[in-house]
Amino acid sequence: MNIIGIGMLFANYGFNRIISESKTFIVGVAYWGRLYGIHTDPNYGAILTTIALIISLYFFFSSQKKCIKVSMVVSMLIQLMSISFSASRTGMICVIISMLLFFFLYTFNKKKKNYDSYCSCIIAVAVAMGAQQGIKAGYNGYVAAVESWNHAHGSDNDKEDNKNKIEIGRQEELEGDVSNRRFDLWNNAFELFKTSPIFGISFGNNVTYAGEKLPNCYMLTNGFAVFDAFHNMFMDLLSSQGIVGTIMFLLIMISSLIYILKNYKFIKDEDILKCIALFSGCITIVASSMFVSEILYVNN
Numbered sequence: 030m031n032i033i034g035i036g037m038l039f040a041n042y043g044f045n046r047i048i049s050e051s052k053t054f055i056v057g058v059a060y061w062g063r064l065y066g067i068h069t070d071p072n073y074g075a076i077l078t079t080i081a082l083i084i085s086l087y088f089f090f091s092s093q094k095k096c097i098k099v100s101m102v103v104s105m106l107i108q109l110m111s112i113s114f115s116a117s118r119t120g121m122i123c124v125i126i127s128m129l130l131f132f133f134l135y136t137f138n139k140k141k142k143n144y145d146s147y148c149s150c151i152i153a154v155a156v157a158m159g160a161q162q163g164i165k166a167g168y169n170g171y172v173a174a175v176e177s178w179n180h181a182h183g184s185d186n187d188k189e190d191n192k193n194k195i196e197i198g199r200q201e202e203l204e205g206d207v208s209n210r211r212f213d214l215w216n217n218a219f220e221l222f223k224t225s226p227i228f229g230i231s232f233g234n235n236v237t238y239a240g241e242k243l244p245n246c247y248m249l250t251n252g253f254a255v256f257d258a259f260h261n262m263f264m265d266l267l268s269s270q271g272i273v274g275t276i277m278f279l280l281i282m283i284s285s286l287i288y289i290l291k292n293y294k295f296i297k298d299e300d301i302l303k304c305i306a307l308f309s310g311c312i313t314i315v316a317s318s319m320f321v322s323e324i325l326y327v328n329n
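Following the numbering used here, the numbering of the sequence shown begins with 30 at its first residue and continues without gaps.
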């Protein structure tokens, strides 16, 4: 999937279609500087790609075959390219957290000194972030070079394509609002929560309920789109299921974490790397749910 998306970027291919008042379907590269590829949303695509990166790391360290290791290196490069081109800050945070956790647990399990564990984490994050920034800068340099060459040689062929060459970046989109509307949406979710704090308003009822109770709220009157979710799992949960649902979910999460901490010592040596990869993936998804509607109320 990511190979196809990267191919779309280099081919400068992309289009969008309005599905409804709150949904626009985008394929390929968006004109404002983000690669959607064939993912419905670049943030979700970046999250899934981070999980693929963790899986690639698992196979790289678990296999002794050189062909597997080489193929996993290629896979990781593709994943990093895709995350970089998506311009997803959520994806970047996911990469940082997954690399920190995976390499810390991996080196710690090898009975290394804590110093070695910390160093491996720092190196892993530095390499991942450096690779992403280098990929983005390299591609933007390529775009600039192509446009400069076309201008210098007076090329009129494919004039429309040349005019629309896309550089990766979101400076204009994020100008004046570093949260990209999230702070306003979270505040809106809390306003809805206050109208029905015990049991919430139910998730599928967000837009209708807001229209009746808070017709001037941000999710309906922002001038961009009608939002049916709040880009934060806990805000979605708090407004939809209220205090009761939130407490129940937190109890499930806490009990699951306690179970893991109590039983990790019983994991067999041959399974430890697999468990590290699985745990890193789970924590990465939890972290991503702070910035997108994830885990709960998501069916695609």
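Virtual Cβ for every residue (Gly too), placed ideally from N, Cα, C.
Just so it is clear, the structure is predicted and the values come from calculations on it, not from any experiment.
Quiz item: Rounded to a whole number of angstroms, what is the C-alpha to C-alpha distance between isoleucine 84 and alanine 306?
Solution: Counting from 1 along the sequence shown, the entry for residue 84 is found at position 55. Counting from 1 along the sequence shown, the entry for residue 306 is found at position 277. Within the model, the alpha-carbon separation for isoleucine 84 versus alanine 306 is close to 7 Å.
Quiz item: CB methionine 248 to CB alanine 239, shorter than 7 Å?
Solution: Numbered from its first residue, the sequence shown carries residue 248 at position 219. Numbered from its first residue, the sequence shown carries residue 239 at position 210. A contact, by the Cβ cut-off of 7 Å.
Quiz item: Cα separation between leucine 243 and tryptophan 215?
Solution: Here residue 243 corresponds to residue number 214 of the sequence shown, with the count starting at 1. Here residue 215 corresponds to residue number 186 of the sequence shown, with the count starting at 1. Spanning the two alpha carbons is a distance of roughly 15 Å.
Quiz item: Are the stretch 289-296 and the stretch 313-323 in contact at 8 Å, needing three or more beta carbon pairs?
Solution: Taking 8 Å as the limit for Cβ pairs, the verdict is that the stretch 313-323 does not touch the stretch 289-296.
Quiz item: What residues are listed by DSSP as bridge partners for alanine 59?
Solution: Sequence index remark: in the sequence shown, residue 59 carries index 30 (1-based). DSSP output for alanine 59 lists Arg63 as bridge partner(s).
Quiz item: Helix, strand or coil: how does DSSP classify asparagine 169 here?
Solution: Locating residue 169 in the sequence shown gives position 140, counting from the first residue. When secondary structure is reduced to three states using DSSP, asparagine 169 falls in the helix class.
Quiz item: Taking just the CA atoms, how far does isoleucine 276 sit from phenylalanine 228?
Solution: For the purposes of this step, residue 228 is identified with residue 199 of the sequence shown, where counting begins at 1. For the purposes of this step, residue 276 is identified with residue 247 of the sequence shown, where counting begins at 1. Rounded to whole angstroms, phenylalanine 228 to isoleucine 276 spans 11 Å at the Cα level.
Exercise. List the residues that DSSP assigns as beta-bridge partners of phenylalanine 44.
Key: What you label residue 44 is simply residue 15 of the sequence shown in a count that begins at 1. Paired residues: Val56.
Quiz item: Going by beta carbon distance, what residues of the same chain come within less than 8 Å of methionine 101, once the five residues before and after it are set aside?
Solution: If you number the sequence shown from 1, residue 101 lands on position 72. The beta carbon of methionine 101 sits closer than 8 Å to the beta carbons of Ser85, Leu86, Phe88, Phe89, Ser92 from its chain, once the five residues preceding and following it are set aside; these are given in chain order.
Quiz item: Would the stretch 119-131 and the stretch 293-309 be scored as touching if the rule is three or more Cβ pairs under 8 Å?
Solution: Contact between the stretch 119-131 and the stretch 293-309 is present: three or more C-beta pairs spanning the two stretches fall below 8 Å.
Quiz prompt | Straight-line Cα distance separating histidine 180 from lysine 188 | solution = On the sequence shown, position 159 is the one that residue 188 refers to. On the sequence shown, position 151 is the one that residue 180 refers to. Per-residue confidence for lysine 188 stands at a pLDDT of 48, beneath the threshold of 50, marking its modelled position as unreliable; the derived number appears in the next sentence. The C-alpha of histidine 180 is placed about 10 Å away from the C-alpha of lysine 188.
Quiz item: Ends of the alpha helix (DSSP H) at threonine 69?
Solution: As a working note, residue 69 is residue 40 in the sequence shown. DSSP places threonine 69 in no alpha helix (DSSP H); its state is neither H nor E.
Practice problem: Determine the DSSP secondary structure at glycine 340, reduced to helix, strand or coil. | Solution: Since the first and last residues shown for the chain are 30 and 329, residue 340 lies out of range.
Quiz item: Residue ranges of each alpha helix (DSSP H) run of no fewer than 4 residues wholly in the stretch 251-323, ordered along the chain?
Solution: The qualifying runs are 262-292, 301-317.
Self-check item: Cβ-Cβ distance between phenylalanine 114 and leucine 82 below 7 Å
Solution: Counting from one through the sequence shown, the residue named residue 114 turns up at place 85. Counting from one through the sequence shown, the residue named residue 82 turns up at place 53. No, Cβ-Cβ distance for phenylalanine 114 and leucine 82 is not below 7 Å.
Quiz item: By Cβ distance, which residues of its chain are closer than 8 Å to proline 226, with the 5 residues on each side in sequence left out?
Solution: Walking along the sequence shown from the start, residue 226 turns up at place 197. Taken in chain order, the residues that qualify are Gly271, Ile272.
Practice problem: Quick one: using the 10 Å Cβ neighbour count with 16 as the cut-off for buried, is isoleucine 80 buried or exposed? | Solution: Along the sequence shown, read from residue 1 onward, the residue named residue 80 stands at position 51. Looking at its Cβ environment, which holds 16 or more other Cβ atoms inside 10 Å, isoleucine 80 is buried.
Self-check item: Between the CA atoms of glycine 274 and serine 117 - distance to the nearest angstrom
Solution: As a working mapping, residue 117 is identified with position 88 in the sequence shown. As a working mapping, residue 274 is identified with position 245 in the sequence shown. Approximately 30 Å between the Cα atoms of the pair.
Quiz item: By how many angstroms is the C-alpha of serine 149 removed from the C-alpha of phenylalanine 222?
Solution: Locating residue 222 in the sequence shown gives position 193, where the first residue counts as 1. Locating residue 149 in the sequence shown gives position 120, where the first residue counts as 1. The alpha-carbon separation between phenylalanine 222 and serine 149 amounts to approximately 43 Å.
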